[in-house]
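Undergrad:
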Amino acid sequence: MSEEDQHSTQPEIKDEDANAPINVKVVSSTGDEVFFKIKRSTKLSKLQGAYAAKVGKDVGSIRFLYDGSRISETDTPASLDMEDNDTIDVMVEQVGGCH
Amino acid sequence: MRYMESEISRICDGNVPQTTEVLGCLLSAVQSFRTGFDLKCLKSNLELRYDDLRRLGAGGFLNDEVMNYFLQKWSAKSAVLAMNTFFTTRFLFKDSRIHIVKSHFDASATKSIAGWIRKRIETLKLRARWRHVFIPIHNAEKSHWYSATIDFVNRRIAVWDSWEATHSQNQCKPLRSQQHVPILLAVMWVAELIAQVRGESLVLANNPTSEWDFEPHAKTNFQVNGADCGVHVLWHLKRLIEADAVDAVLGDIETL
Numbered sequence: 001m002s003e004e005d006q007h008s009t010q011p012e013i014k015d016e017d018a019n020a021p022i023n024v025k026v027v028s029s030t031g032d033e034v035f036f037k038i039k040r041s042t043k044l045s046k047l048q049g050a051y052a053a054k055v056g057k058d059v060g061s062i063r064f065l066y067d068g069s070r071i072s073e074t075d076t077p078a079s080l081d082m083e084d085n086d087t088i089d090v091m092v093e094q095v096g097g098c099h
Numbered sequence: 001m002r003y004m005e006s007e008i009s010r011i012c013d014g015n016v017p018q019t020t021e022v023l024g025c026l027l028s029a030v031q032s033f034r035t036g037f038d039l040k041c042l043k044s045n046l047e048l049r050y051d052d053l054r055r056l057g058a059g060g061f062l063n064d065e066v067m068n069y070f071l072q073k074w075s076a077k078s079a080v081l082a083m084n085t086f087f088t089t090r091f092l093f094k095d096s097r098i099h100i101v102k103s104h105f106d107a108s109a110t111k112s113i114a115g116w117i118r119k120r121i122e123t124l125k126l127r128a129r130w131r132h133v134f135i136p137i138h139n140a141e142k143s144h145w146y147s148a149t150i151d152f153v154n155r156r157i158a159v160w161d162s163w164e165a166t167h168s169q170n171q172c173k174p175l176r177s178q179q180h181v182p183i184l185l186a187v188m189w190v191a192e193l194i195a196q197v198r199g200e201s202l203v204l205a206n207n208p209t210s211e212w213d214f215e216p217h218a219k220t221n222f223q224v225n226g227a228d229c230g231v232h233v234l235w236h237l238k239r240l241i242e243a244d245a246v247d248a249v250l251g252d253i254e255t256l
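Protein chains in written order, with full-length UniProt numbering: chain A, 1 to 99; chain B, 1 to 256.
1. What does B/T123 reach in chain A if we use C-beta pairs closer than 7 Å?
2. Helix, strand or coil for B/S9 per DSSP?
3. To the nearest whole angstrom, what separates the beta carbons of B/K238 and B/W74, a pair I think is in contact under 8 Å?
4. Verify whether the separation of the beta carbon atoms of B/F134 and B/L240 is less than 8 Å.
5. If we cut at 8 Å on Cβ distances, does A/S61 have a partner in chain B?
6. List, in order along the chain, the chain A residues whose C-beta lies closer than 8 Å to that of B/Q223?
7. Of all the options B/W130, B/L56, B/L185, B/I8, which has the alpha carbon lying nearest to the alpha carbon of B/K102?
8. Determine, for A/A76, whether the minimum Cβ-Cβ distance to residues of chain B falls below 8 Å.
9. Using DSSP with H/G/I as helix, E/B as strand and the rest coil, what is B/F61?
10. Could you give the distance in angstroms between the alpha-carbon of B/H99 and the alpha-carbon of B/S6?
11. Quick check on DSSP: helix, strand or coil for A/S28?
12. Since A/L65 meets chain B, which of its residues come closer than 7 Å, beta carbon to beta carbon?
13. Using the rule of at least 16 other Cβ atoms within 10 Å of the residue's Cβ for burial, across every protein chain shown, is B/L175 buried or exposed?
14. Please confirm if A/V26 has its CB atom under 8 Å from at least one CB of chain B.
15. For A/E33, report the span of its beta strand (DSSP E) as first-last.
16. Alpha carbon to alpha carbon, what distance is there between A/K39 and A/C98?
17. With a Cβ-Cβ cutoff of 8 Å, do B/L193 and B/A114 count as a contact?
18. Assuming contact is defined by CB atoms lying nearer than 8 Å, are A/D84 and A/N23 in contact in what I supplied?
19. Within 8 Å, do at least three Cβ pairs link the segment 124-133 of chain B to the segment 75-86 of chain B?
20. Assign residue 276 of chain B to one of three DSSP states: helix, strand, or coil.
21. What residue from B/G230, B/G60, B/H236 has the CA that sits closest to B/F218's CA?
22. According to the neighbour-count rule (16 or more other Cβ atoms, all chains shown, within 10 Å of its Cβ), is B/G199 buried or exposed?
23. Please list the partners that A/Q48 has in chain B, where partner means a Cβ-to-Cβ separation under 9 Å.
24. Starting from B/V190, trace the alpha helix (DSSP H) both ways and give me its first and last residue.
25. What's the C-alpha gap between B/N248 and A/G31?
26. Within 8 Å of any Cβ in chain A, is that where the Cβ of B/R34 sits?
27. Using a C-beta to C-beta distance shorter than 8 Å, which residues of chain B count as neighbours of A/T42?
28. Please give the ranges of any beta strand (DSSP E) in the segment 199-233 of chain B, keeping only runs that are unbroken, at least 3 residues long and fully inside the region.
29. Considering only the beta carbon of each residue, do A/E93 and B/D228 sit closer than 8 Å?
30. Considering only DSSP beta bridges, list what B/T149 is partnered with.
31. In whole angstroms, give me the CA-to-CA distance for B/D213 and B/N206.
32. Assuming contact is defined by CB atoms lying nearer than 8 Å, are B/F86 and A/L65 in contact in what I supplied?
33. Using a Cβ-Cβ cutoff of 9 Å, what residues of the segment 4-19 of chain B are near chain A? List them in chain order.
34. Assuming B/V159 contacts B/P216 (C-beta within less than 8 Å), just tell me the rounded distance between them.
35. Determine the chain B residues that contact A/E93 at a beta-carbon separation under 9 Å, and present them in chain order.
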């Protein structure tokens, strides 16, 4: 299949099954990557819980960002307009006062 | 709700020394019947929880939640594009735990940064002719907050640090070895990227004719204790929004 064909068929696949699972890459602030496959209608809070359990951290001590914005409890890949292979950044809590 | 606010003010005004205690009791009471409560802002995903609010007491270190709440709340619909506290940690430093500025930036970072900036401008609903960029900076090694600003009208990039020793120790050093020069250089690069988003062309790297001013250790108010740098950074933002420059009036720090 030529590259052009692929381009023309991709949107159709999306329309056929808007709820097809997408791959999401979760990247920590130290560069470690964990991959998830989730449905577009699944709440990302599920992914957050699964990630926290996997890396052994309290979900309240880490922040999940998509395009720099915090992901809320009710967000889903569909509500954030996420695409296949998109990245979610995980940041750790920051505290500052000085010495 | 308004009645409740005035009632709380009345109680606190009547017992000033016990204010912390009164508000603490109130927060505990709220905590006891709900696990968390949201202070929604701009219908966004910002929320402060009980644990975050406890940090607002005297001597408390501010965390990213409190900082990001005010950064977004205050800069919304203003002329200041205030980035969140994760911007520099994510893009400008080598590692979130070590405070060393990256010396070069790859193409994928450039693309991601542009995405963050566009999203932030959209979220904040900035005025059409916004002029400043406010960048909070977190030093994870020293648990310290400071900030950098880009002024597109007065053509000025400055780094603001409320820790007096850092300011005084760097005054007599040659520019090249001043502490905040690496972050200043990174912010110059960010300014070039943001200029592109604004539809302007800006070259600052290796360009002695740019007519921009750069201050790696700009003079500002200093913190009088070992806890308030987060409050100072928020105060830098407030000055920028209200007076168009962090150092517009170098008066006493106002109570937030």
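Just so you know, even glycine gets a beta-carbon here, dropped at the ideal spot from N, CA and C.
TA: Let me spell this out:
1. Reading the second sequence from its first residue, position 123 is the one you call residue 123 of chain B. Chain A residues near B/T123: S69.
2. Working through the second sequence from its first residue, we reach residue 9 of chain B at position 9. In the three-state reduction of the DSSP assignment, B/S9 falls in the helix class, which pools H, G and I.
3. What you label residue 238 of chain B is simply residue 238 of the second sequence in a count that begins at 1. What you label residue 74 of chain B is simply residue 74 of the second sequence in a count that begins at 1. The beta-carbon separation of B/K238 and B/W74, rounded to 6 Å, stays under the 8 Å limit for a contact.
4. Locating residue 134 of chain B in the second sequence gives position 134, counting from the first residue. Locating residue 240 of chain B in the second sequence gives position 240, counting from the first residue. Their beta carbons are under 8 Å apart, which means B/F134 touches B/L240 by this criterion.
5. As a first step, residue 61 of chain A is located in the first sequence; it is residue number 61 there, counting from the start. Nearest CB-CB separation between A/S61 and chain B: not below the 8 Å threshold.
6. Here residue 223 of chain B corresponds to residue number 223 of the second sequence, with the count starting at 1. Neighbours of B/Q223 on chain A, chain order: C98.
7. Taking the first residue of the second sequence as position 1, residue 102 of chain B is located at position 102. Checked all of B/W130, B/L56, B/L185, B/I8; the closest Cα to B/K102 is B/L185.
8. Start at 1 with the first residue of the first sequence, and residue 76 of chain A comes out as number 76. A quick correction: the sequence has Thr, not Ala, at residue 76 of chain A. A/T76 does not count as touching chain B.
9. Here residue 61 of chain B corresponds to residue number 61 of the second sequence, with the count starting at 1. It is coil, neither helix nor strand.
10. Counting from 1 along the second sequence, the entry for residue 99 of chain B is found at position 99. Counting from 1 along the second sequence, the entry for residue 6 of chain B is found at position 6. C-alpha of B/H99 to C-alpha of B/S6: approximately 44 Å in a straight line.
11. On the first sequence, position 28 is the one that residue 28 of chain A refers to. A/S28: strand per DSSP, three-state reduction.
12. Taking the first sequence and counting its residues from 1, the one referred to as residue 65 of chain A is at position 65. Scanning chain B for C-beta atoms nearer than 7 Å to the C-beta of A/L65 yields F86, reported in chain order.
13. One-based indexing of the second sequence puts residue 175 of chain B at position 175. With fewer than 16 other Cβ atoms within 10 Å, it is exposed.
14. By 1-based counting over the first sequence, the position of residue 26 of chain A is 26. Between A/V26 and chain B, the shortest Cβ-Cβ separation is not below 8 Å.
15. To locate residue 33 of chain A, count along the first sequence from 1; it is residue 33. Note, A/E33: beta strand (DSSP E), 33-38.
16. As a first step, residue 98 of chain A is located in the first sequence; it is residue number 98 there, counting from the start. As a first step, residue 39 of chain A is located in the first sequence; it is residue number 39 there, counting from the start. One C-alpha to the other measures close to 43 Å.
17. Along the second sequence, read from residue 1 onward, the residue named residue 193 of chain B stands at position 193. Along the second sequence, read from residue 1 onward, the residue named residue 114 of chain B stands at position 114. It is a contact, given that the beta carbons lie within the stated cut-off.
18. The residue you call residue 84 of chain A lines up with position 84 of the first sequence. The residue you call residue 23 of chain A lines up with position 23 of the first sequence. Yes, Cβ-Cβ distance for A/D84 and A/N23 is below 8 Å.
19. They touch, by the three-pair rule.
20. Here chain B has residues from 1 to 256 only, and residue 276 of chain B is not among them.
21. Along the second sequence, one-based indexing puts residue 218 of chain B at 218. For the sequence presented, residue 218 of chain B should be read as Ala rather than Phe. Looking at B/G230, B/G60, B/H236, the one whose alpha-carbon comes closest to that of B/A218 is B/H236.
22. For the purposes of this step, residue 199 of chain B is taken as residue 199 along the second sequence, with counting starting at 1. Taking a 10 Å sphere around the C-beta of B/G199, we find fewer than 16 other C-beta atoms and assign the residue as exposed.
23. The residue given as residue 48 of chain A occupies position 48 in the first sequence. Annotation: A/Q48 has no Cβ neighbours in chain B at a cutoff of 9 Å; minimum Cβ distance is about 12 Å.
24. For the purposes of this step, residue 190 of chain B is taken as the residue at position 190 of the second sequence. Per DSSP, B/V190 belongs to the alpha helix (DSSP H) from 181-197.
25. Residue mapping note: residue 248 of chain B aligns to position 248 of the second sequence, counting from 1. Residue mapping note: residue 31 of chain A aligns to position 31 of the first sequence, counting from 1. The identity of residue 248 of chain B in the sequence shown is Ala, whereas the question assumes Asn. So the two alpha carbons sit approximately 40 Å from each other.
26. Within the second sequence, the letter at position 34 stands for residue 34 of chain B. With a pLDDT of only 48 at B/R34, under the threshold of 50, the placement of this residue in the model should not be trusted; the figure read from the coordinates follows. B/R34 does not count as touching chain A.
27. Position 42 of the first sequence holds residue 42 of chain A. Taking a Cβ-Cβ cut-off of 8 Å, A/T42 has no neighbours in chain B, whose nearest Cβ is about 17 Å from it.
28. Correct list: 213-218.
29. Here residue 93 of chain A is taken as the residue at index 93 of the first sequence, counted from 1. Here residue 228 of chain B is taken as the residue at index 228 of the second sequence, counted from 1. No; because the gap between Cβ atoms is not below 8 Å, this pair is not in contact.
30. Translated into positions along the second sequence, residue 149 of chain B becomes position 149. Paired residue(s): B/F134, B/A158.
31. One-based indexing of the second sequence puts residue 213 of chain B at position 213. One-based indexing of the second sequence puts residue 206 of chain B at position 206. Distance from the CA of B/D213 to the CA of B/N206, rounded to the nearest whole angstrom, comes to 14 Å.
32. What you label residue 86 of chain B is simply residue 86 of the second sequence in a count that begins at 1. What you label residue 65 of chain A is simply residue 65 of the first sequence in a count that begins at 1. Result yes, Cβ atoms of B/F86 and A/L65 sit closer than 8 Å.
33. Shown here is that no member of the segment 4-19 of chain B has a Cβ falling below 9 Å from a Cβ of chain A.
34. Working through the second sequence from its first residue, we reach residue 159 of chain B at position 159. Working through the second sequence from its first residue, we reach residue 216 of chain B at position 216. Under the criterion of beta carbons closer than 8 Å, B/V159 and B/P216 qualify as touching, at roughly 5 Å.
35. Within the first sequence, the letter at position 93 stands for residue 93 of chain A. Residues of chain B passing the Cβ test: N63, D64, E65.
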